[in-house]
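First up is the structure itself, then whatever we jot down about it.
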C-alpha cells in the first residue's frame with residue numbers, strides 16, 4: 078500500500094492471518110457488516126486451542142504463586158451504595174480504598190506508567206444532570222484534577238504525559254458503552270486538549286495505546302461502517318485497520334507483542350500482535366480462559382511483565398439501567414476480580430470474594 082493511501086480498514090478473509098483491504102468509503106458504501114465478516118473470515122479463531130472447553134476449577138497453586146508476585150491491582154467496587162476505587166495485592170490480600178467520595182461514583186481506573194497516578198471517571202450530579210467526567214489523581218488520593226466533563230474510558234499514553242479519552246455522544250449520560258464520539262488527548266503539563274486528526278471516529282469504547290504510541294486499539298460498535306469489531310487506529314494519522322478478531326475490550330501487553338481481549342461473553346483470548354509493513358496484524362490466537370457458559374468474563378488486563386492477566390467474572394442478567402453488568406457504572410452483584418496465567422489455558426484463581434461489583438482491574442505497573 079502506498080503511504081499516501083489513508084482511512085484503510087482491513088477485514089478478515091477466508092485465509093488464516095490474511096486480510097482484505099477496503100477504504101473507509103468503500104467499507105461504508107458496500108454496507109458491509111464487519112461483525113459478520115469477522116466471524117465468517119476467522120473460523121480459525123473459533124477452532125483455536127481451548128475453544129468450547131468445559132469450565133476448569135480454580136488452581137490454588139496459582140494463588141500461592143501470586144502471593145509472592147510484587148505487583149498490585151486497582152479496580153472499581155461498589156461500597157455503601159456508591160462506587161469507589163480500591164487496590165489489592167495480586168493474590169487479593171491487603172485491600173486499600175483509594176477514593177472515599179460518598180454521593181459520587183468513581184469508576185474505570187487506569188494507573189500511569191510510573192505508578193504514581195491513576196486516571197478514572199467519576200459520575201457526578203443527579204438525575205438528568207448526572208455527568209460522567211474524567212479525572213486523574215495521585216495514588217494516595219491527593220491532587221484530584223478534572224480533565225473534562227462528559228468524557229469516558231481514559232487511558233495513559235506510554236510516556237505518562239497525556240491521557241487519551243472519549244467524549245460522550247449525547248449531552249445526557251447514556252449507559253450504552255459505545256455512546257461516544259471522538260478521541261481526545263489531554264496534556265498534563267499544559268492542561269490543553271487536542272482532538273484526534275480523524276474527525277470520523279465514533280462509537281468506540283475501551284480504548285488503549287500500543288507501547289510505541291503509534292496506534293490506539295479499541296472496540297467499535299454500530300459505527301464507522303462496523304456492526305462490531307476491534308480496530309487499530311493510527312495515533313497521528315487517519316488509518317483504521319480492523320484486526321479481524323471477534324469480541325471486545327482489547328488490551329495490549331506492555332511489550333507490545335501480544336493482545337488480549339474478550340472473544341465471547343464466557344471466554345477470553347490472547348494472540349501475537351505483529352507489525353507487518355507498518356500495520357498491526359493478529360496471529361496465533363488461543364483461549365486463555367473459557368468459563369463454559371457458567372459465568373461471564375470481561376475486562377482483561379495484562380500484568381506488567383506479561384506473565385498474568387487480570388479480569389472480572391460474574392453472573393449476567395439485564396440490569397436496572399437497561400444493560401448488562403459488564404458495562405461501566407452498572408451494578409454487578411456477584412462479580413469478582415480473577416487472575417489467570419497468560420501462558421496457559423484455564424489456570425486461574427478468584428482474588429476477591431465478596432461479589433460487590435468488583436470490575437475493571439488494572440495492574441499497577443511498578444512493583445510495591
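In my numbering, the protein residues as written are 78 to 445.
For each residue, glycine too, the CB sits at the ideal point set by N, CA and C.
So, helix, strand or coil for residue i, using DSSP?
| i | result |
| --- | --- |
| residue 139 | helix |
| residue 309 | strand |
| residue 205 | helix |
| residue 315 | coil |
| residue 112 | Here residue 112 scores only 42 on pLDDT, less than 50, and its place in the model should not be relied on; the value that follows carries that caveat. If DSSP states are grouped into helix, strand and coil, residue 112 belongs with the helices. |
| residue 253 | coil |
| residue 436 | strand |
| residue 425 | strand |
| residue 358 | strand |
| residue 334 | coil |
| residue 452 | Nothing in the structure corresponds to residue 452, since the chain is present only between 78 and 445. |
| residue 273 | coil |
| residue 166 | strand |
| residue 408 | coil |
| residue 181 | coil |
Rounding to the nearest angstrom, what Cα-Cα distance links residue i and residue j in this structure?
| i | j | result |
| --- | --- | --- |
| residue 371 | residue 324 | 18 Å |
| residue 332 | residue 288 | 7 Å |
| residue 212 | residue 234 | 15 Å |
| residue 275 | residue 244 | 14 Å |
| residue 135 | residue 413 | 13 Å |
| residue 419 | residue 206 | 42 Å |
| residue 430 | residue 315 | 44 Å |
| residue 384 | residue 438 | 15 Å |
| residue 195 | residue 189 | 6 Å |
| residue 172 | residue 405 | 21 Å |
| residue 106 | residue 302 | In this prediction, residue 106 has a pLDDT of 32, which is less than 50 and means its spatial position is unreliable; nothing more can be read from the coordinates. |
| residue 428 | residue 170 | 8 Å |
| residue 202 | residue 409 | 21 Å |
| residue 273 | residue 246 | 16 Å |
| residue 298 | residue 256 | 9 Å |
| residue 284 | residue 200 | 19 Å |
| residue 340 | residue 326 | 9 Å |
| residue 342 | residue 394 | 12 Å |
| residue 137 | residue 296 | 33 Å |
CB residue i to CB residue j, shorter than 9 Å?
| i | j | result |
| --- | --- | --- |
| residue 440 | residue 381 | yes |
| residue 153 | residue 435 | yes |
| residue 167 | residue 386 | no |
| residue 365 | residue 352 | no |
| residue 362 | residue 322 | yes |
| residue 164 | residue 149 | yes |
| residue 282 | residue 349 | no |
| residue 278 | residue 259 | yes |
| residue 308 | residue 291 | no |
| residue 210 | residue 223 | yes |
| residue 379 | residue 330 | yes |
| residue 147 | residue 444 | yes |
Near residue i, what residues of its chain come up, given a Cβ to Cβ distance below 7 Å and the 5 sequence neighbours on each side ignored?
| i | result |
| --- | --- |
| residue 176 | 161, 162, 183 and 218 |
| residue 400 | 252, 253 and 407 |
Grab me the residues of residue i's own chain with a C-beta within less than 6 Å of its C-beta, minus the 5 sequence neighbours each way, in chain order.
| i | result |
| --- | --- |
| residue 270 | 261 and 263 |
| residue 174 | 161 and 163 |
| residue 403 | 375 |
For residue i, I'd like the list of residues in its chain whose CB is within less than 8 Å of its CB, leaving aside the five on either flank, ordered along the chain.
| i | result |
| --- | --- |
| residue 113 | Low per-residue confidence applies at residue 113: pLDDT is 42, beneath 50, and the placement is therefore not dependable, though the value from the model is reported in the following sentence. Only 304 meet the Cβ criterion. |
| residue 39 | Past the boundaries of the shown model lies residue 39; the chain is included only from 78 to 445, so the question cannot be answered. |
| residue 432 | 391, 410, 411, 412 and 413 |
Legend entry - 3 or more residues per run - each beta strand (DSSP E) lying fully within the segment 190-249: 194-201, 208-215, 222-225, 228-233 and 239-245
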